[in-house]
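Asks: Structure provided below as structure tokens; questions to follow.
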């Protein structure tokens, strides 16, 4: 049995094209972008035989789809040089993709807000997205600024006339998506949210971010039934679909802030509410806003609501704890 190189048919091909069979196959396949079947047609040899020669001679084969795509670029009369495969453009980075990798006051605040009013999703094509929503455009703009994002803020109007106009910041980034997974956030997190492991020095920023997303402060003045005594009610509330999140938040606030009370109840809509009365609300205020003013890391509307309540409490209601006493 003779070697492939000794085949009379191959010797005739080499003699006709004045080159070795391996070189001929390589040049036609890689430089002329001919498929095995097209080489077979040119040499009047079956395609399986050509493929066997490639294997026996150790000539590499390229993917047939690549050949087809390259050839499609050169259909029709050519007036200039051969077209080259289009180079995939590198898309500009529109956000600081390392934002959630390192703890900072800004990162902790945004993470807290995302835990309250953010969502994660993967579309049908496998693209990963994180999204922030709010009826406060100021808040969405602040989040975008802190994340160094240049994404467009979307606007959506509800069909219900009683609902406010909403704003949305959507960022496509698999890297940031995975960073949030690492920190304990998940898609469809509303019922399963757990309290992330936040370093102590950043915990107040995280809680303030969550409060700006799913918290509220209420201050009321009213007379008792005998209408002889004016009573003040001052409450701070945190809302979540996850009971375990609020249970752990309550424990952390008792440890870091020194709150004494805290009532956790289930609401009619199935969500949970963690509320604090007057003295604890004062302590929570000073804990949340003690270090945030310089960095503008707070929602103005809720901060002002706290301030309005504290101004009245400072006015000398004797039976109540004074605002400055809440620091102790």
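Numbering (our numbering), first residue to last: 1255 to 1582. Just so you know, even glycine gets a beta-carbon here, dropped at the ideal spot from N, CA and C.
1) I need the boundaries of the beta strand (DSSP E) containing residue 1463, first residue and last residue.
2) Shortest alpha-carbon distance to residue 1501 belongs to which of 1527, 1555, 1424, 1510?
3) Return the CA-CA distance between residue 1555 and residue 1562, expressed in angstroms with no decimal places.
4) Rounded to whole angstroms, what's the CA-CA distance from residue 1378 to residue 1424? Just pull it up for me.
5) Can you tell me whether residue 1515 is buried or exposed? The criterion is at least 16 other CB atoms within 10 Å of its CB, across all chains shown.
6) Would a C-beta distance cut-off of 8 Å place residue 1359 and residue 1553 closer than the cut-off?
7) Under three-state DSSP, which class holds residue 1286?
8) Tell me the residue span of the alpha helix (DSSP H) that contains residue 1498.
9) Counting C-beta neighbours from all protein chains within 10 Å, is the total for residue 1509 16 or more, i.e. buried, or is it exposed?
10) Reducing DSSP to helix, strand and coil, say where residue 1520 ends up.
11) Considering residue 1406, what are the terminal residues of the alpha helix (DSSP H) in which it resides?
12) Any idea what DSSP makes of residue 1561, helix, strand or coil?
13) Would you check if the distance between the CB atom of residue 1492 and the CB atom of residue 1469 is smaller than 8 Å?
14) CB residue 1362 to CB residue 1464, shorter than 8 Å?
15) Within this structure, are the beta carbons of residue 1307 and residue 1288 separated by less than 8 Å?
16) In or out: residue 1474 buried (at least 16 other Cβ within 10 Å) or exposed?
17) Spell out a yes or no on whether the segment 1431 to 1448 and the segment 1363 to 1372 are touching, meaning 3 or more CB-CB pairs, one atom from each, closer than 8 Å.
18) What three-state label does DSSP hand residue 1294 in the structure shown?
19) Just curious, the beta strand (DSSP E) that residue 1369 is in, first and last residue?
20) What first and last residue would you give for the alpha helix (DSSP H) that runs through residue 1429?
21) By a C-beta neighbour count over all protein chains shown, 10 Å radius and 16 as the cutoff for buried, is residue 1410 buried or exposed?
22) I think residue 1431 touches residue 1384, with their Cβ atoms under 8 Å apart; what is that distance to the nearest whole Å?
23) Output the distance between the C-alpha atoms of residue 1375 and residue 1382, rounded to the nearest integer angstrom.
24) Going by Cα to Cα distance, which pick from 1467, 1558, 1388, 1264 is closest to residue 1298?
Replies: Considering the structure as presented:
1) Run containing residue 1463: none in the beta strand (DSSP E); it sits in the alpha helix (DSSP H), 1454 to 1468.
2) It is 1527.
3) 11 Å
4) 16 Å
5) exposed
6) No, they are not a contact pair.
7) For residue 1286, the three-state secondary structure derived from DSSP is coil.
8) Residue range 1497 to 1510 is occupied by the alpha helix (DSSP H) that includes residue 1498.
9) exposed
10) strand
11) Careful: residue 1406 lies outside any alpha helix (DSSP H) and carries neither H nor E.
12) helix
13) The Cβ atoms of residue 1492 and residue 1469 sit closer than 8 Å to each other.
14) no
15) no
16) exposed
17) yes
18) Judged by DSSP in its simplified three-state form, residue 1294 adopts helix.
19) Residue range 1359 to 1371 is occupied by the alpha helix (DSSP H) that includes residue 1369, with no beta strand (DSSP E) assigned at that position.
20) Per DSSP, residue 1429 is one residue of the alpha helix (DSSP H) stretching across 1428 to 1436.
21) exposed
22) 6 Å
23) 6 Å
24) The shortest Cα separation from residue 1298 among 1467, 1558, 1388, 1264 belongs to 1264.
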